[in-house]
Each structure stands twice: as structure tokens, then as C-alpha cells.
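The structure appears below as C-alpha cells.
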Amino acid sequence: MSVIWDIMGGKGKFLVGGLDTVRPYMMPYSGYPGREFQIREALDNVLGPEKAAFYWDKVFPEKLLNQAQANFQKATGLKRNPNPDWHSDNPTHVASFWVHKDFQDRTIWLWEELAKHYKGNPWIAGYNILNEPTDPTHSRLQQWYDRCIQAIHAIDPDHIIYLDGNTFASDFSRFTGDLHERWPNCVYSVHDYNLYGFPSSTETYTGTEEQKARVRRGYLKKTNWMRERGLPIWNGEFGPVYARHQYDGPKSDEINESRYLLLKDQLAVYDQEQISWSIWLYKDIGFQGMVHVGLDTPYMKRFEKFLLKKYKLAVDAWGADTTGVKDTQDMLEKFINDSVPDPAHRALYPAPVWTFSDRIGRIYRNIMLAEFLVAEYAEHFRGLSEAELDELAASFKFENCTKREGLNEVLKEHHKVVTK
1 MSVIWDIMGG KGKFLVGGLD TVRPYMMPYS GYPGREFQIR EALDNVLGPE
51 KAAFYWDKVF PEKLLNQAQA NFQKATGLKR NPNPDWHSDN PTHVASFWVH
101 KDFQDRTIWL WEELAKHYKG NPWIAGYNIL NEPTDPTHSR LQQWYDRCIQ
151 AIHAIDPDHI IYLDGNTFAS DFSRFTGDLH ERWPNCVYSV HDYNLYGFPS
201 STETYTGTEE QKARVRRGYL KKTNWMRERG LPIWNGEFGP VYARHQYDGP
251 KSDEINESRY LLLKDQLAVY DQEQISWSIW LYKDIGFQGM VHVGLDTPYM
301 KRFEKFLLKK YKLAVDAWGA DTTGVKDTQD MLEKFINDSV PDPAHRALYP
351 APVWTFSDRI GRIYRNIMLA EFLVAEYAEH FRGLSEAELD ELAASFKFEN
401 CTKREGLNEV LKEHHKVVTK
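For the sequence shown, counting from 1, position 255 maps to 255 in UniProt numbering; every step adds exactly one.
Below, the structure is given as C-alpha cells:
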């Protein structure tokens, strides 16, 4: 969901928004483990290709967008801004995009085709051409931006191009000083996630002056390159994750109040800096979204035990609570520490954003363990008729979702203030 302060449309009107997109199949948000291609193959085996295609390509998209959802978005005063990609459906932890030029060339071709299609379309605010790049050399990202910007502007010089910083949109510090001079009509995007908003934080956010200052310093560090040059900034993603009573018990409300307070203080920083922002995210199964699939729906009931298991095993990387796997994690970390005693040899990119613990967890839990769980997830679909698949997918309809009122109230109140 987006607020855009100072980006103007062709007729001098402020742009607020984005278009709806369907199928945001991301692991913490839809409940499946592994990668989408693995789930598709597993459902083909369990349901058969015809029923699997019915579920993926007909039923599911039809349940994600309707008038009730549009009315809710209007009531908040915000619009949705689509993220067309989380990952490349890559079953590894290696970003091969930077290794194989063919991948880079194909992506530029795709953006050329998109530019041809959307050229002159006033409903499109711009193109965010690469989500959260992670180039270990830092230079290949800049070279690819050069090529992609030139290719798009040769077709469509009018739409804005949004450029994420390196290392998950957090770092512009290695961008050379004059790059912006050859990148016209561009906005520079950071993702301002704050550690206070995640289970891995070692302290609860209470809004002390010291904590507020730390929140502000984090934002200023990410945006220093743009602010020094007077360049437009878009915070393309931010937002805490939230506790769930079925997993976190009676402490959930206290945790979430802390996260709402953090959100308010982050918004205050963006107000002071007068930047545009998009919060992550709109809809999921109860972890971070403004609305989430109701606990009493067929989907959540069918997968209740599986989702609890997945949560306890910290199978999803995003916002994981690793308490339940601490013994295993500690054992693996000790083994690697003992085997590779030089800390510098363990600090592999994207360190320090990915800590040593993050890297180990990504490989053994989020990749290896996740792919072993794919078949178990798919078995929950075995024997379902098309009518039952329809009912399962209908769980994601807006009417069957629960609103996260605390989050929505923060956003609505903020919208009232900034639009006065």
C-alpha cells in the first residue's frame, strides 16, 4: 500500500498508488514451503495436471480481487502497489542473475516489451526494474542499470524508473558519484525494514528517544547518497511483522502494540523527510498483512497443523522466530566456526545484512528442510474435487479475510494527517 508525496503525473496531479496484482505466492504469505515450481510439480502429482491447473490458473486468481476489496482500499485512503516479483523461483541461495549475462539480457528484453505495452498509459506510475538486488561486486548492478534504463527510455522516456539500492535495497554507498547525471527521470528506492519490528530483535520497542534516534539513523544511512545529491527517494518497502495468538500466545497483543508504535515512529520520520513510501504488505495468512485469511476458513483449517509445524521449524526466512530450532542452529554454527576459524572467511556476501546465522538458516531450513516438506504440503490436496478446491481457494477472498485493525488504524490516521 502506497503514499507518494511529490511524484507528479503528466497533468500535474499527485500520483498515489499502483495497480492490483494477483498470485503473490510467497512462502510466509500463502503457507507453502519451498519454491513455486516445486509446489506446482507436487500438486500435479497429487491432483493430476487438470485439477492442479484448475486450482492455480482459474480458481485462485478469481478469488483474489473483487469490489469488496476495492472498497476497503478506498476506505483506508491508500492504493495497492504491486511487487511483480519476490524471487526468480530459484531453489538455491545464489543469485545467478549476476553470473550469467543471458539472464540480464532476457530481463532487459522483458522490460522493453513492458515499456512498449505501457507507453503512454497514465495509470502506470513507473517501472521498478529490479527488486532487492544483491550484487557482490556492486559494479555489475550499476552496469546493468545503465543498460536497462537506456533500453526503456529509448521506447518510453516518460515513465519514471525506480532503482533499488544494492544489498536488498539498503546500500547506495558504492554507487559512483555522477551516476544520477546519466539516469534521467529516475527515483531511488530503499527498503527501510527495522530490526525492532522482527522477532530477532533483542529488545522491545517502546519509543524511547534513543530508540527513535536509532530508527532515524537507519533511514538516514540508507538514503545518504540520494540526500547528498538532492535526488528523489521512495521507500519501496517497510513494515514490522506481527505476533499471532495461535503461535505466540497471550504475549501477542503486547508484541503487536510495540510493532504499531514502531510503525508510527517510522512514518513520522518519512513525514519529516517528505518521502514517498509503500508498506509491505496488503494480504497474507496472518503474519504482516493489512488483511489476512481468516482462521475459520477451509484453507486455514486444513493446513492448521502443517502451518504450526512450519512455524516452529522456522522454515520461512522472513521474520522467522528461531527459538524452536536453537539447538540445531547452535550445533551447526559451532561446527562451521570450528571448521572455519577465521571470521573473515565466514563473512560471505551479503554479510553483514545476512549474518552468519542467517546464511546457515537460509541453507539448512529455508532451502533444504523446505523442499523436504513440499510433498507433505501437497498431500493436503489429495482427493479434493474441483468444488472443494474452489472452496479452499475462496478462503483468500476478501470477504473471508480478517482485517488487522491495529495496523489499518495507524495507516488511516496517518493518511488523515498528511492529506489535510
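Note that the Cβ used here is the ideal one computed from N, Cα and C, for glycine as well. Quick caveat, the model's predicted, so the values are computed rather than measured.
| query | result |
| --- | --- |
| Report the rounded CA-to-CA distance for Ala154 versus Trp98, giving the unit in angstroms. | 24 Å |
| Would Val325 pass as a contact of Phe287 if the rule is Cβ separation under 8 Å? | no |
| Fully enclosed by the region 323-363, which alpha helix (DSSP H) runs are 4 residues long or longer? | 326-339, 343-346 and 356-361 |
| As an exercise, report each continuous alpha helix (DSSP H) stretch of at least 4 residues that is fully enclosed by the region 184-258, in chain order. | 209-229 and 245-248 |
| Rounding to the nearest angstrom, what Cα-Cα distance links Gly34 and Met226 in this structure? | 36 Å |
| Should the region 209-228 be regarded as contacting the region 248-260, the criterion being three or more beta carbon pairs within less than 8 Å? | no |
| Can we say the region 234-253 touches the region 385-398, given the rule of at least three CB pairs closer than 8 Å? | no |
| Measure the alpha-carbon distance for Leu47 versus Val374 and round it to whole angstroms. | 14 Å |
| Please report the distance separating the alpha-carbon of Ile124 from that of Lys221. | 30 Å |
| Give the C-beta separation of Ser189 and Leu163 to the nearest angstrom, bearing in mind that I take them to be a contact with Cβ-Cβ under 8 Å. | 6 Å |
| Is Ala317 a contact residue of the ligand FAD, with contact defined as CB to any heavy atom under 7 Å? | As presented, the structure is devoid of all ligands, the ligand FAD included, so that no description of it is given. |
| What does DSSP give as the partner residue(s) for Ser276 in the beta ladder? | Trp234 |
| Once you ignore the five residues that flank residue 426 on each side, which residues in its own chain have a CB closer than 6 Å to its CB? | The requested residue 426 is not part of the displayed model; the chain covers only 1 to 420. |
| What ranges does the beta strand (DSSP E) occupy inside the region 108-136, keeping only unbroken runs of at least 3 residues that lie completely in it? | 126-128 |
| What residues in its chain sit with their C-beta under 8 Å from that of Gln38, if we drop five residues either side in the sequence? | Pro91, Glu371 and Val374 |
| How many Å lie between Tyr145 and Pro136 at the Cα? | 15 Å |
| Is the Cβ-Cβ distance between Leu281 and Val315 less than 8 Å? | no |
| Since Asp390 is in the alpha helix (DSSP H), which residue starts that stretch and which ends it? | Glu386 to Ala393 |
| What is the C-beta distance between Leu308 and Tyr364, in whole angstroms, given that I count them as a contact (C-beta under 8 Å)? | That belief does not hold up - the Cβ atoms of Leu308 and Tyr364 are roughly 20 Å apart, past 8 Å. |
| For the beta strand (DSSP E) containing Val418, name the first residue and the last one. | Counting along the chain, Val418 falls outside any beta strand (DSSP E), though it belongs to the alpha helix (DSSP H) covering Glu405 to Val418. |
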